[in-house]
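Down below is the structure, laid out as structure tokens.
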Amino acid sequence: MQEHQISKADFEACMKCNICTEVCPMYEVNPLYQGPKKSGPDAERYRLKDPAFFDSNLKFCLNCKRCETACPSGVKVADIIQMAKLKYSSSTHPLRDTALSSTDLVGSVASVFAPAVNFALEQEVASKAMGLLGVDSHSVFPKYASEKFVTWFRRNARKSQDSFGSQVNYFHGCYVNYNNPQQGKDLVKILNACNVGVKLMKGEKCCGVAMMANGFRDRAAANAASNVEMFSKVDGPILCTSSTCAFTMRQEYPEVLGVDNSKVKDSIMLATKWLFEEVESGRIRLAFRQDFRMKVVYHIPCHLQRLGWQMYSIALMRMIPGLTLAVPEQECCGIAGTFGFKKEYAGYSRKIGSKLFENLRSANPQVVATDCETCRFQIEMGTPFTVMHPLAILAEALDIEITKELNETDN
Amino acid sequence: MKYDICIIGGGMSGTKAGVALLSRKKRASVCILSAGRTLNPTSREEFKRLGGDIFDNCRAVSSVMGENRVQAVVTDNDIRVEASAFVLSTGKFFSRGLLSDMDGVYEPVFGADVEFEADRSAWSSEDFFDPQPFESFGVRTEGSRVLKDGNVIENLYACGEILCGVVDVDKSVREVCRNIR
Numbered sequence: 002m003q004e005h006q007i008s009k010a011d012f013e014a015c016m017k018c019n020i021c022t023e024v025c026p027m028y029e030v031n032p033l034y035q036g037p038k039k040s041g042p043d044a045e046r047y048r049l050k051d052p053a054f055f056d057s058n059l060k061f062c063l064n065c066k067r068c069e070t071a072c073p074s075g076v077k078v079a080d081i082i083q084m085a086k087l088k089y090s091s092s093t094h095p096l097r098d099t100a101l102s103s104t105d106l107v108g109s110v111a112s113v114f115a116p117a118v119n120f121a122l123e124q125e126v127a128s129k130a131m132g133l134l135g136v137d138s139h140s141v142f143p144k145y146a147s148e149k150f151v152t153w154f155r156r157n158a159r160k161s162q163d164s165f166g167s168q169v170n171y172f173h174g175c176y177v178n179y180n181n182p183q184q185g186k187d188l189v190k191i192l193n194a195c196n197v198g199v200k201l202m203k204g205e206k207c208c209g210v211a212m213m214a215n216g217f218r219d220r221a222a223a224n225a226a227s228n229v230e231m232f233s234k235v236d237g238p239i240l241c242t243s244s245t246c247a248f249t250m251r252q253e254y255p256e257v258l259g260v261d262n263s264k265v266k267d268s269i270m271l272a273t274k275w276l277f278e279e280v281e282s283g284r285i286r287l288a289f290r291q292d293f294r295m296k297v298v299y300h301i302p303c304h305l306q307r308l309g310w311q312m313y314s315i316a317l318m319r320m321i322p323g324l325t326l327a328v329p330e331q332e333c334c335g336i337a338g339t340f341g342f343k344k345e346y347a348g349y350s351r352k353i354g355s356k357l358f359e360n361l362r363s364a365n366p367q368v369v370a371t372d373c374e375t376c377r378f379q380i381e382m383g384t385p386f387t388v389m390h391p392l393a394i395l396a397e398a399l400d401i402e403i404t405k406e407l408n409e410t411d412n
Numbered sequence: 028m029k030y031d032i033c034i035i036g037g038g039m040s041g042t043k044a045g046v047a048l049l050s051r052k053k054r055a056s057v058c059i060l061s062a063g064r065t066l067n068p069t070s071r072e073e074f075k076r077l078g079g080d081i082f083d084n085c086r087a088v089s090s091v092m093g094e095n096r097v098q099a100v101v102t103d104n105d106i107r108v109e110a111s112a113f114v115l116s117t118g119k120f121f122s123r124g125l126l127s128d129m130d131g132v133y134e135p136v137f138g139a140d141v142e143f144e145a146d147r148s149a150w151s152s153e154d155f156f157d158p159q160p161f162e163s164f165g166v167r168t169e170g171s172r173v174l175k176d177g178n179v180i181e182n183l184y185a186c187g188e189i190l191c192g193v194v195d196v197d198k199s200v201r202e203v204c205r206n207i208r
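Protein chains in written order, with our numbering: chain A, 2 to 412; chain B, 28 to 208.
So this is what it looks like as structure tokens:
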């Protein structure tokens with residue numbers, strides 16, 4: 002009977018158990034939001050009859066996907082809500098939403114003037130001006146790097162990459178390129194030490210998640226089509242360090258944007274998954290510094306949990322001898338990409354995050370590890386802790402010389 | 028991913044089996060593949076406290092078989108878990124541990140032997156308050172080990188609602204723990 006099902010996102014399969022409402026972080030703090038079941042499968046029946054039934058409070062959905070993670074019947078609750086939002090709603094702050102969603106365009110301009118932009122973002126005048134645009138004045142924006150990751154790569158790494166035993170492709174994403182090139186450098190450092198070369202792909206575009214979240218369906222779909230086309234031209238695995246980029250390109254492209262990625266989907270994966278599997282199969286060997294000590298709490302990003310690959314980051318960190326790791330129950334940080342930067346939502350965003358902040362404070366680690374860049378912004382805004390990507394921790398703990406020797410002898 | 032014991036299904040019986048196994052075998056590495064949300068936070072937390080790993084949002088969809096043995100299970104998001112023993116605790120129809128169509132009832136991960144009425148019209152009773160025959164459909168076992176094509180799979184055990192007949196969940200969990208060496 003499943004074959005004859007015609008609706009998208011399996012919404013008929015919903016049996017109204019409400020477990021999605023139970024795990025929805027927005028429903029918990031905001032009485033105006035009706036929760037995923039009502040906003041998704043329930044209201045979809047009405048919307049199909051008449052678009053006038055569209056409820057503008059769907060704007061509160063974070064698209065964190067916890068509802069889908071919880072659903073026992075495989076209903077893509079958040080996809081239903083996303084598609085309804087993209088179809089029926091219009092932006093209340095078009096200028097701000099365009100700016101926030103254009104992570105690549107804004108990034109490439111800002112990184113040219115990085116010192117000035119970073120200085121300006123710290124000034125009170127700037128936060129007031131942004132307040133007028135609809136950006137929350139308490140938000141701390143990520144800094145822009147003066148040298149983009151791709152520029153660094155071209156100048157310092159590209160030439161040597163062919164000399165390694167094998168090659169992988171790296172989808173760096175906007176955050177690594179404009180805000181935190183170090184994360185990309187760390188990956189190159191780890192993989193090169195393992196005798197693996199890194200290749201960047203020609204014409205990489207923003208994965209489009211911020212555009213989708215801000216209602217720009219067509220722009221997101223254009224980026225998606227272009228990225229899928231680019232992936233189909235390369236051989237070997239396509240690694241991401243951002244859990245949200247990977248999630249978007251694997252799952253949201255076909256399901257929300259209708260862009261077919263079936264030919265490349267299996268190659269798109271997280272760098273943590275790929276690296277762990279190489280190590281487990283013995284193709285790569287890692288050696289760690291004896292003097293490395295670190296107390297880490299790992300925060301599982303919601304989108305990583307939706308991918309179901311959180312265990313790879315955990316398993317990699319467990320390999321490091323001097324590292325003590327705690328993994329509390331997964332909580333949503335509340336930022337949801339650009340959502341938490343918006344004036345009208347920032348209060349909810351912080352309220353959702355407070356549970357996570359409390360957990361982190363009581364664990365009192367040296368470092369909070371997380372794979373998601375926006376979770377990182379939120380944790381940095383809400384707690385005093387240093388936040389690092391699991392691979393950044395790995396890069397710091399790795400004994401590069403011995404790792405190089407271990408992996409050379411094999412070839 | 029490699030573990031000593033891999034439990035498939037993170038519901039009531041799966042998490043209870045996890046806690047029971049880790050309490051008995053303190054050095055064993057045990058993981059649970061859990062699709063969807065676990066409804067029993069107490070045994071979930073206890074399992075984690077004892078050192079177990081929970082793979083949240085990972086649904087086992089297929090298995091790699093050797094000579095009457097399970098070598099690995101593969102999840103819907105492409106995770107391969109190898110273990111020396113597996114516990115099947117995926118529940119009945121609601122959790123999709125059992126699937127049905129007009130012709131029969133199936134266990135999707137291993138294709139295990141399932142006991143059900145051949146006559147489709149005898150699956151349910153029209154009176155809602157009658158005992159419903161489909162409630163006792165489930166996987167066949169011998170000494171808590173799962174049968175496939177009439178043969179015992181040596182390292183696959185089952186507990187909880189997925190079993191056929193009238194199920195005593197706690198008893199089936201205890202039996203699995205006793206039988207896994």
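Ideal Cβ placement from N, Cα and C applies to all residues, glycine included.
In this text the structure is predicted, and so the values were computed from the model without any measurement.
Whether residue i touches residue j by CB criterion (8 Å)
i	j	result
B:Ile106	A:Gly309	yes
B:Tyr115	B:Ala185	Going by the sequence as given, residue 115 of chain B is Leu instead of Tyr. A contact, by the Cβ cut-off of 8 Å.
A:Ile380	A:Cys333	no
B:Asp140	B:Leu183	no
A:Leu324	A:Met295	yes
B:Val200	B:Ser163	no
A:Arg220	A:Met212	yes
A:Ile81	A:Ala14	no
B:Thr102	B:Ala112	no
A:Thr104	A:Cys175	yes
A:Pro182	A:Phe142	no
Residue i in three-state terms, based on DSSP
i	result
B:Gly38	coil
B:Met28	coil
A:Arg284	coil
A:Tyr89	helix
A:Met27	helix
A:Leu395	helix
B:Arg107	strand
A:Ile301	coil
A:Glu402	helix
A:Cys246	helix
A:Pro228	The amino acid at residue 228 of chain A is misidentified as Pro; the sequence shows Asn. Looking at A:Asn228 - three-state DSSP - the assignment turns out to be helix.
B:Thr102	strand
A:Lys234	coil
A:Ala146	coil
A:Glu253	helix
B:Ala145	coil
B:Leu126	strand
B:Val27	Coverage of chain B is limited to positions 28 through 208, which leaves residue 27 of chain B absent and any answer about it impossible.
B:Val114	strand
A:Leu33	coil
A:Asn408	helix
A:Cys21	helix
B:Asn178	strand
A:Phe1	The structure shown does not extend to residue 1 of chain A, since chain A spans only 2 to 412, so no value can be given for it.
A:Val136	strand
Expected contact under 8 Å - CB spacing of residue i and residue j to nearest Å
i	j	result
B:Ser40	B:Gly187	3 Å
A:Leu188	A:Ala316	Not confirmed; about 17 Å, so no contact.
B:Ile207	B:Ile59	15 Å between Cβ atoms; not a contact.
A:Cys373	A:Lys66	That belief does not hold up - the Cβ atoms of A:Cys373 and A:Lys66 are roughly 12 Å apart, past 8 Å.
A:Met250	A:Asn228	6 Å
A:Ser40	A:Leu59	5 Å
A:Ala398	A:Phe293	4 Å
Residue i - partner residues in DSSP beta bridges
i	result
B:Phe82	B:Leu60
A:Val110	DSSP, once it has assigned bridges, lists no residue as partnering A:Val110.
B:Arg172	B:Glu169 and B:Tyr184
A:Thr387	A:Val368
B:Ser89	B:Val101
A:Val151	According to DSSP, A:Val151 bridges with nothing at all.
A:Met295	A:Leu324
A:Met270	A:Leu240
B:Leu190	B:Val166
B:Arg96	B:Gly93
B:Val200	Answer is none; B:Val200 lacks a bridge partner.
Check: Where in the segment 166-206 of chain A do unbroken runs of the beta strand (DSSP E), each at least 3 residues long, occur, reported from the N-terminal end onward?
Finding: 167-172 and 197-201
Check: At which residue ranges does the segment 38-98 of chain A contain complete alpha helix (DSSP H) runs of 4 or more residues, listed in the order of the chain?
Finding: 44-50, 67-71 and 78-89
Next item on the list: Entirely within the segment 302-376 of chain A and at least 4 residues each: give me those alpha helix (DSSP H) ranges in chain order.
Entry: 303-308, 311-319 and 347-364
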